[in-house]
Amino acid sequence: MFAPQSAETNLATNEFTKRMAKKYNITFKWQTSTFDAGPAKEKRQISLASGDYPDLYMLIPWVDQFTPAELLKLGNQGVILPLNELIDKYAPNIKKALDSNPDYKEMATAPDGKIYGMPQWVDCYHCSYQGKLWMNQAWLKKLGLQQPKTTEDMREVLRAFKTRDPNGNGKADEIPLSASVRDALIPYFMNSFIYDPQGTSGNNNSTLVLDNGKVDIQADKDGWKEGLAYLNSLYKEGLIDQGAFTQNPDALQRQGNNAKDVILGASTVLHLGIAVSIGAADGRDKQYEPVPPVAGPGGAAFTGYNFPSAPGATFVLTNKASPEVQIQAIKLLDYIFTDEGQINGFFGTEGKNWAKPKPGEIALDKSMEPVFRVIPAKPGAPPANAGWGALAQYNNRAEFRNSESIAADIYSQEGYERRLFEATKLYEGKEDDAKIYPYWKVWIDPALGSEVSTLQTNLESYIQQNALQFITGSRDITKDWDAYVKGLEGLGLKRYLEIQQTAYDKVAK
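As numbered in this note's numbering, residues 1149 to 1657 make up the sequence shown, in order.
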């Protein structure tokens, strides 16, 4: 079994591993990678190329997984095995999940009707609306300001953060707005000018949209240009931190957790804990609130929507697996598809890592009865090594997630998930449904897999690099825009859109 393994986990000695070994008479022999996406993907691909690959790959989408193109290619070569018959015979819970969720079934099923691997289904509500902005409300109150509602309001607030000493230490040390390479600020602000479907830290980094059934990009449109010009104006005034486009999440959190004084005014992060430690001793994390989408000059105030699950597969059986191993593996996965299997698999051991709710506790969705609650680790305690974490996150439906017992106080550590749940309501419904490109349903012809992968990588890198150059001023948005658009054409944009259109048309029928 090949799987990514975090620094806090030892899959060979893990408590859930031991329970599964006993339950299904499995002897596990692990090949592991780290959680670093690039090296993890490379290690998996090397294992496949060597011919000495395992019976089973079990992966995590945000670390690495098989793409739809890889599934078709390796499936046609016979390297990986279709799961249809195994599911029909031995996996009633998987079958039920697919039959009751058409989107899941469509995402898992290749155009030839075969299921070459199982993708995870993760109905993470707050993850679906990634383009959030969290702002320091204590600073607003001190300066007598309201949350911004327009892009010009935003400019005035950030100016005040920079120039009016909201932390009161007599120093000009405030950072009005920051971000990181993982949680970018472009999607939040671009949606004030043009619908931008990009996620900040999820599965979709593309600017592809639908325009009356036609697949197109947003990154060569006038609205995109206007959005970049606005961000450039903020950057020139010093309202955006210079490191916002180059620093990693750890560097961003060092700004949010600055030892002496609060210096971070706002940040575009999927959730606040990325920028500021939740439960900080001085309570600074309680100062930040989400800011709904702000309206641009033309009235646009969109938010991006990201499909909660990633197309491809994280559970893949290879032709090295004997018939007996295939049955054991699918039964293991079928158990993880149950609520019991998810709770034990993700969190660990009952009584130590999770427990049944106590009387009076409330579920994340207050209309539901709570089913389980997580037992927080004690400060300074060694890693539990009790569950598989995200490796065991498959049939992660909204009903299941929302049945977790969560504290009512959204500003407590125990109530943090509720805080995110409530924050996301400010963004839900602001997406442009008509323009959402259903990338999770689209299967590219495997004969074109390599070509489209190269085109996509080159185009998206070019778009991102030029966006940063326009924002930071190393390229002039007025003088260099036409050359930038021409560069997209030179990288094969027309061909890329043709391939995507052909694949989409098959789905649309």
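Yeah, the Cβ is synthetic: ideal placement off N, Cα and C, and Gly gets one too.
Can you list, in chain order, the residues of its chain with a C-beta nearer than 8 angstroms to that of residue i? Leave out the 5 residues immediately preceding and following it.
i	result
C1272	P1456, N1544, R1549
Y1610	G1635, L1636, L1639
G1621	N1380, Y1383, K1384
A1556	I1510, G1563, R1566
A1428	N1405
I1584	P1345, V1357, L1358, Y1453
S1425	Q1401, G1404, N1405, D1433
D1364	L1356, V1357, L1358, L1645
A1503	F1520, R1521, I1523
Considering just the uninterrupted stretch of the alpha helix (DSSP H) at residue i, what are its terminal residues?
i	result
E1233	1232-1238
T1620	1597-1620
E1111	This structure does not reach residue 1111, given that the chain is present from 1149 up to 1657, and the question cannot be answered.
P1187	1185-1198
V1633	1625-1638
Q1179	Unbroken run through Q1179 is the beta strand (DSSP E), 1179-1181; no alpha helix (DSSP H).
D1398	1397-1404
S1376	According to the sequence displayed, residue 1376 carries Leu and not Ser. Looking at the DSSP string, the run of the alpha helix (DSSP H) that includes L1376 is 1370-1384.
A1217	1216-1225
V1655	1641-1656
D1251	1250-1256
I1334	1334-1338
Y1172	1163-1172
Which residue comes first and which comes last in the beta strand (DSSP E) that contains residue i?
i	result
K1362	1362-1365
T1416	Segment: none, T1416 is in no beta strand (DSSP E) and carries neither H nor E.
L1204	1204-1206
F1150	1150-1152
D1359	1356-1359
Please list, in chain order, all residues of the same chain as residue i whose beta carbon is under 6 angstroms from its beta carbon, the five residues on each side excluded.
i	result
F1393	L1616
E1254	K1589
K1513	According to the sequence shown, residue 1513 is Asp rather than Lys. The residues are N1550.
Q1126	Here the chain covers residues 1149 to 1657 and nothing more, so residue 1126 does not appear.
I1235	I1242, K1243
A1245	F1485, N1543
W1536	F1164, G1493
L1207	Q1213, T1462
Measure from the alpha carbon of residue i to the alpha carbon of each residue in the options, then state which is nearest.
i	options	result
T1416	K1506, Y1336, Y1252, D1184	Y1336
N1406	H1419, L1418, Q1390, A1423	A1423
G1431	E1608, W1629, A1286, T1165	A1286
A1217	G1421, L1159, W1591, K1237	W1591
A1540	R1312, D1487, G1563, K1504	D1487
E1374	K1290, D1624, D1200	D1624
V1439	N1224, K1297, N1353	K1297
F1341	N1317, S1601, G1444	G1444
V1211	F1569, G1199, F1150, S1601	F1150
S1553	P1531, G1508, R1330, A1529	G1508
D1409	D1581, K1189, D1313	D1313
F1183	D1203, P1152, P1397	P1152
V1270	A1595, I1558, T1602, N1454	N1454
T1602	L1641, E1472, F1618	L1641
N1353	T1605, A1256, L1645, K1657	T1605
P1527	T1497, Q1561, A1538, K1506	Q1561
Q1648	N1158, C1275, M1206, P1594	P1594
L1465	D1630, P1202, P1209	P1202
E1570	H1419, T1311, Y1252, D1331	H1419
G1316	M1302, K1289, L1325, D1301	K1289
D1260	C1275, D1628, K1221, S1198	K1221
Can you give me the Cβ contacts of residue i inside the same chain, cut-off strictly under 7 angstroms, excluding the 5 residues immediately before and after it?
i	result
T1451	Y1277, G1279, N1339, P1441, Y1575, K1578, E1579
A1461	Q1213, F1214, L1219, Y1264, G1265, M1266, P1267
L1293	V1305, A1308
P1586	V1655
W1377	Rather than Trp, the amino acid found at residue 1377 in this sequence is Ala. The answer, listed in chain order, is I1625.
I1323	D1389, Q1403, I1411, L1412, G1413
M1665	With the chain represented from 1149 up to 1657, any question about residue 1665 goes unanswered, as that position is not in the structure.
P1230	G1223, K1262, I1263, Y1264
T1257	I1263
T1348	Q1278, G1279, D1331, A1332, P1335, T1416, L1418
D1368	V1633, L1636
Tell me, please, whether the CB atom of residue i is closer than 8 angstroms to any CB atom in chain D?
i	result
A1423	Annotation note: the requested chain D is absent from the structure, which comprises a single protein chain.
Note down, one range per segment and in chain order, each beta strand (DSSP E) of at least 3 residues found wholly within the stretch 1259-1331. 1282-1284
How do the stretch 1169-1183 and the stretch 1476-1488 stand: do at least 3 beta-carbon pairs fall below 8 angstroms, yes or no? yes
Flag this pair as touching only if the stretch 1514-1527 and the stretch 1487-1500 have three or more C-beta atom pairs under 8 angstroms; answer yes or no. yes
In chain order, which continuous runs of the beta strand (DSSP E) of length 3 or greater are located wholly inside the stretch 1462-1546? 1463-1465
Which whole runs of the beta strand (DSSP E) in the stretch 1413-1454 are 3 residues long or more, in chain order? 1436-1438
Quick check: the stretch 1160-1170 against the stretch 1191-1206, are at least 3 beta-carbon pairs closer than 8 angstroms? no
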